[in-house]
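Inspection log for the structure reproduced underneath, given as structure tokens.
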Amino acid sequence: MPVAMPIPAERYTLVAIILHWVMALGIVALAIIGLVMTHVKLPPQSLFQLYQLHKSIGITILLAAFLRIGWKLRHRPPILREAMPPWQRAAATWSHRLLYVALFALPLTGWAAVSASPFDIPTVLYGVIPWPDLPILPTLAHKKQAEAVLEDIHDYGAFTLIALICAHAGAALHHHFIKRDTVLRRMLPGRRAAQTKDSAP
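Sequential numbering from 390 applies to the sequence shown in this note's numbering.
Here you go:
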């Protein structure tokens with residue numbers, strides 16, 4: 390009696406899709422809030438609330454990134470069945486790796502900058518959950534200089550992450566509208582990836 394071979398997943402799991410879009414929407418929100426905080430003159434109380442919201446969303450993205458990595462280790466992503474040259478596969482692999490590095494580095498440097506701040510302003514996530522500072526940083530002798538360095542790293546990291554996301558989104562849209570394959574549909578909620586010739590019995 391022949392043994393049935395397991396059929397590879399054609400799309401990401403629901404949990405992976407939710408985490409992906411939570412992080413994506415969070416990054417868009419952070420970019421908008423960051424621009425408002427730095428380019429719009431606001432009353433002190435409104436600016437304080439925006440900073441708290443910025444920190445809250447940043448920590449949410451950090452936690453979602455940890456969950457995403459843990460989920461990915463236990464649930465293998467669907468195989469890329471589309472005919473892609475080796476350089477495109479390599480580019481996709483490395484762009485994903487760089488995205489994950491940025492998704493961890495950006496919230497961590499922001500958290501570190503807040504922890505090193507000489508103003509010692511507490512972080513309360515969404516106005517409800519008190520969030521601690523990172524260890525050691527609050528006790529530094531030159532907190533102002535440390536904060537400035539960490540803020541610079543955070544700012545440059547933000548531009549890097551935006552560039553990576555634009556490249557990531559551009560590639561996904563190219564696959565969807567130009568190549569008309571299933572790369573984007575695998576990550577869309579409520580959609581079944583179309584069966585390709587490679588998946589035919």
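Every residue gets a Cβ at the ideal spot worked out from N, C-alpha and C, and that includes glycine. No experiment lies behind these values; they were computed from the predicted model shown.
| request: Please check the pair A556 and S484, which I expect to be a contact at CB under 8 Å, by giving their CB distance rounded to whole angstroms. | output: On the sequence shown, position 167 is the one that residue 556 refers to. On the sequence shown, position 95 is the one that residue 484 refers to. That pair is a contact at about 6 Å.
| task | Specify the secondary structure class of P519 as computed by DSSP and reduced to three states. | result | Against the sequence shown, residue 519 aligns to sequence position 130. Strand at P519.
| For L452, the nearest candidate out of V404, I542, Q534 and M412 (CA to CA) | Against the sequence shown, residue 452 aligns to sequence position 63. Nearest of V404, I542, Q534 and M412 to L452, Cα basis: M412.
| CA nearest to the CA of H443, picked from G579, A547, M473 and F566 | In the sequence shown, residue 443 corresponds to position 54, counting from 1. It is A547.
| query | Which partner residues does T512 have in the DSSP bridge list? | reply | As a working note, residue 512 is residue 123 in the sequence shown. T512 is bridged to W520.
| request: Please list the segments of the alpha helix (DSSP H) lying wholly inside the segment 452–510, counting only runs of 4 or more residues, in order along the chain. | output: 475–505
| request: With A535 as the anchor, note down where its alpha helix (DSSP H) starts and where it stops. | output: To locate residue 535, count along the sequence shown from 1; it is residue 146. Looking at the DSSP string, the run of the alpha helix (DSSP H) that includes A535 is K532 to L562.
| task | Give a yes or no on whether the C-beta atoms belonging to E536 and A561 are separated by under 7 Å. | result | Here residue 536 refers to the residue found at position 147 of the sequence shown. Here residue 561 refers to the residue found at position 172 of the sequence shown. No. Outside cutoff.
| query | Does the segment 460–479 come within contact of the segment 512–527, defined as at least 3 CB pairs closer than 8 Å? | reply | no
| field | Alpha-carbon spacing of A582 relative to A530, whole angstroms | value | The residue given as residue 582 occupies position 193 in the sequence shown. The residue given as residue 530 occupies position 141 in the sequence shown. Since pLDDT at A582 reaches only 43, below the 50 mark, its modelled position is unreliable, and no value is offered.
| request: Quick one: residues in its chain with C-beta nearer than 7 Å to the C-beta of I406, no 5 flanking neighbours on either side, listed in chain order? | output: Working through the sequence shown from its first residue, we reach residue 406 at position 17. Around I406: M576 and P578.
| request: Note down, in chain order, each residue of its chain lying with its Cβ closer than 8 Å to the Cβ of I422, except the 5 sequence neighbours on either side. | output: Numbered from its first residue, the sequence shown carries residue 422 at position 33. Same-chain partners within the cutoff: L439, L442, H443 and I446.
| Do you know how far the Cα of I416 is from the Cα of L523? | The count along the sequence shown starts at 1 and reaches residue 523 at position 134. The count along the sequence shown starts at 1 and reaches residue 416 at position 27. So the two alpha carbons sit approximately 22 Å from each other.
| Neighbourhood of P496 by C-beta distance below 7 Å, restricted to the same chain and skipping five residues each side | As a position in the sequence shown, residue 496 is number 107, starting the count at 1. Excluding residues within five positions, the ones whose Cβ falls inside 7 Å are G447, I448, I450 and L451.
| If you run the structure through DSSP and keep just helix, strand and coil, what is T528? | The residue given as residue 528 occupies position 139 in the sequence shown. Here T528 sits in helix by DSSP.
| query | Excluding sequence positions up to five away, which residues of its chain have a Cβ less than 7 Å from the Cβ of V404? | reply | Within the sequence shown, numbered from 1, the residue matching residue 404 stands at position 15. So the list reads W460, once near-sequence residues are dropped.
| query | Closest to A494 by CA distance: which of E540, A480 and L469 is it? | reply | Start at 1 with the first residue of the sequence shown, and residue 494 comes out as number 105. Closest by alpha carbon: E540.
| task | Please report the Cβ distance between L408 and R457, rounded to the nearest whole angstrom; I am assuming they are in contact, meaning their Cβ atoms lie under 8 Å. | result | On the sequence shown, residue 408 is found 19 positions in, with the first residue counted as 1. On the sequence shown, residue 457 is found 68 positions in, with the first residue counted as 1. Going by Cβ atoms, the distance from L408 to R457 rounds to 5 Å, so yes, they are a contact pair.
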